[in-house]
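J.: Questions regarding the structure given below will be posed in turn.
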Amino acid sequence: NAGVMQNPRHLVRRRGQEARLRCSPMKGHSHVYWYRQLPEEGLKFMVYLQKENIIDESGMPKERFSAEFPKEGPSILRIQQVVRGDSAAYFCASSPTRTETNTEAFFGQGTRLTVV
Amino acid sequence: QKEVEQDPGPLSVPEGAIVSLNCTYSNSAFQYFMWYRQYSRKGPELLMYTYSSGNKEDGRFTAQVDKSSKYISLFIRDSQPSDSATYLCAMSRGGSQGNLIFGKGTKLSVKP
Chain E
1009 NAGVMQNPRH
1019 LVRRRGQEAR
1029 LRCSPMKGHS
1039 HVYWYRQLPE
1049 EGLKFMVYLQ
1059 KENIIDESGM
1069 PKERFSAEFP
1079 KEGPSILRIQ
1089 QVVRGDSAAY
1099 FCASSPTRTE
1109 TNTEAFFGQG
1119 TRLTVV
Chain G
3 QKEVEQDPGP
13 LSVPEGAIVS
23 LNCTYSNSAF
33 QYFMWYRQYS
43 RKGPELLMYT
53 YSSGNKEDGR
63 FTAQVDKSSK
73 YISLFIRDSQ
83 PSDSATYLCA
93 MSRGGSQGNL
103 IFGKGTKLSV
113 KP
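From first to last, the protein sequence lines are chains E and G. Numbers given in our numbering equal positions in the first sequence, counted from 1, plus 1008. Numbers given in our numbering equal positions in the second sequence, counted from 1, plus 2.
Next up, the structure:
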């Protein structure tokens, strides 16, 4: 059973470009969470998705950031017009379908975004 | 007051020592408590998962939750150099608010 798969592992973008980060959850998991980890900071929640639904986006910046989890394919975190402050490690986590255990989240290896 | 407080350390112990890691929290709605281990430049790895109060043991690891004091702990017995990592506590309200709130992490170094 493969773990949570994220790609790319490293991404370099120039200021103003778009960044697309992909996450394939573990088999049997239908809950996906995105987190951001800034240097010397803890993990900060960004968005919680189920297939074709955004459940909680209270941690997403109001502009330039969007996320989706389509019926088919991976979840995508999209950052438009990147700025240097977006440089961070972005982690995706997935959890099982059963509601009572949907907080047992397993993380991918992360995508390290560098904006130059 | 932050929702979850965790001493960042660093914490350095000799091999074989018992390690105690702790977090406090302010939100009484948290029901699910987790400990993650994160090696440098890697993703967090789930170590322990606990619902509500009580103890849970898994090998050399023991997790304790005291909801009355809003305090959780992770104990590592017979610590090994391979345990050197950052340990993150995390908690959640569950359900549609299933996102995790993390502590900043405690950096642990186990010296041989």
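Where a beta carbon is used, it is the ideal one built from N, C-alpha and C, also for glycine.
#1: How far does the beta strand (DSSP E) with residue 1036(E) in it reach, from first residue to last?
#2: Hey, how far is the Cα of residue 1101(E) from the Cα of residue 1026(E)?
#3: Against chain G, does residue 1125(E) count as a neighbour if the rule is that its beta carbon must be under 8 Å from one of theirs?
#4: Confirm, please, whether the CB-CB distance from residue 1049(E) to residue 106(G) is below 8 Å.
#5: Taking residue 30(G) as the reference, which of 114(G), 72(G) and 78(G) has the closest Cα?
#6: Give me the chain E residues within the contact set of residue 90(G), using Cβ-Cβ distance strictly less than 9 Å, ordered along the chain.
#7: Taking the straight line between their C-alpha atoms, what separation do you get for residue 52(G) and residue 1103(E)?
#8: Could you please give me the residues that DSSP links to residue 73(G) through a beta bridge?
#9: Please state the DSSP three-state secondary structure of residue 1047(E).
#10: Where do the N-terminal and C-terminal ends of the beta strand (DSSP E) with residue 1014(E) fall, by residue?
#11: Give the residues of chain G in contact with residue 1010(E), contact being defined as C-beta atoms less than 7 Å apart.
#12: Anyone know if the C-beta pair for residue 102(G) and residue 1053(E) falls short of 8 Å?
#13: Would you grab the beta carbon distance between residue 1034(E) and residue 1055(E) for me? Rounded to a whole angstrom, and I think it's under 8 Å.
T.: Once the coordinates are examined:
#1: It is not in any beta strand (DSSP E) - residue 1036(E) carries neither H nor E in the DSSP assignment.
#2: 22 Å
#3: Residue 1125(E) lies beyond the stretch modelled for chain E, which goes from 1009 to 1124, so this question has no answer here.
#4: yes
#5: 72(G)
#6: 1050 and 1051
#7: 15 Å
#8: 26(G) and 68(G)
#9: coil
#10: 1013 to 1015
#11: Within 7 Å Cβ-Cβ: nothing; residue 1010(E) doesn't reach chain G, min ~14 Å.
#12: yes
#13: With a Cβ gap of about 18 Å, residue 1034(E) and residue 1055(E) do not count as contacting.
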